[in-house]
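Enquirer: Just dropping this structure here.
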Ligand code: IMP
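Residue numbers (the working numbering): -14 to 187.
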């Protein structure tokens, strides 16, 4: 892609195409013409075990920085996210991707059988560089776990997550709405604002 002057160049390091698509759409919607996003799915990140998404994302970002020539981009970005279910004491949290692969949505719904407290929050931590500094922005959206999967849009846990104030799951509501209110949208918009104001001030 040819670089358009005036746009900030971001390298987004993720192997998850759904996340990448959402982040591109969120940036394009919220900051039209401000960013150029390059996605790399093949730079291996260090993924530590921790309850703290911000720590996981920061350490992953620092491990990526050791492998690349960051001078090509205005910012290098890594995102870590998960679903925290209150009745399960925050499970699956940082292990969301692994747990979904192992037990699926059915497994999660089984763990929630007979549970009246269905509250859960999606959280995201976006770690990014500004010059030689690494920073993190976080976002959260809370809601409830549905009784059954519903809808075919979105990805991961979206068919069982009903955001607060809505009667349908993210998989039913679709990307337009999700990208306005999601954990990822909140976190990436904070990071983008910070990048725009820090880089403009220079
Ligand atoms: P990681 O950040 O690569 O560790 O993966 C996060 C995992 O959390 C994803 O693979 C999904 O299983 C889950 N997750 C995070 N955000 C979302 C979302 O917006 N929708 C559905 N599932 C999500």
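In this text, a Cβ means the ideal position worked out from N, Cα and C, and glycines have one as well. Since this is a predicted model, take the numbers as computed values, not measurements.
#1: What residues are listed by DSSP as bridge partners for residue 63?
#2: Buried or exposed: residue 83, going by 16 or more other Cβ atoms within 10 Å of its Cβ?
#3: Among all residues, which have a Cβ less than 5 Å from at least one non-hydrogen atom of the ligand IMP, and in what chain order do they fall?
#4: In terms of alpha-carbon separation, which member of 14, 61, 78 lies closest to residue 69?
#5: Using the rule of at least 16 other Cβ atoms within 10 Å of the residue's Cβ for burial, across every protein chain shown, is residue 7 buried or exposed?
#6: Measuring only from the beta carbon, is residue 53 closer than 7 Å to any heavy atom that is part of the ligand ZN?
#7: Measure the alpha-carbon distance for residue 71 versus residue 128 and round it to whole angstroms.
#8: Which same chain residues, not among the five before or five after residue 159, have their C-beta less than 6 Å away from its C-beta?
#9: Is residue 17 buried or exposed, if buried means 16 or more other CB atoms sit within 10 Å of its CB?
#10: Which of helix, strand or coil does DSSP assign to residue 24?
#11: Candidates 90, 102, 91, -3: which alpha carbon is nearest residue 42's?
Expert: Here's the rundown:
#1: Counting from one through the chain shown, the residue named residue 63 turns up at place 78. In the DSSP output, where bridge partners are listed per residue, residue 63 has 112.
#2: Taking the chain shown and counting its residues from 1, the one referred to as residue 83 is at position 98. The residue in question, residue 83, is exposed, as its Cβ has fewer than 16 Cβ neighbours within 10 Å.
#3: 65, 66, 67, 81, 82, 85, 141, 142, 143
#4: On the chain shown, position 84 is the one that residue 69 refers to. The shortest Cα separation from residue 69 among 14, 61, 78 belongs to 78.
#5: The sequence position of residue 7 within the chain shown is 22, counting from 1. Looking at its Cβ environment, which holds 16 or more other Cβ atoms inside 10 Å, residue 7 is buried.
#6: The model on display carries the ligand IMP but not the ligand ZN.
#7: If you number the chain shown from 1, residue 71 lands on position 86. If you number the chain shown from 1, residue 128 lands on position 143. The straight-line gap from Cα to Cα measures roughly 11 Å.
#8: Numbered from 1 along the chain shown, position 174 holds the residue referred to as residue 159. Closer than 6 Å at the Cβ level, and outside the excluded window around residue 159, lie 138.
#9: Within the chain shown, the letter at position 32 stands for residue 17. Counting Cβ neighbours within 10 Å, residue 17 comes out exposed, since fewer than 16 surround it.
#10: Along the chain shown, read from residue 1 onward, the residue named residue 24 stands at position 39. Looking at residue 24 - three-state DSSP - the assignment turns out to be strand.
#11: On the chain shown, position 57 is the one that residue 42 refers to. Ranking the options by Cα distance to residue 42, first place goes to -3.
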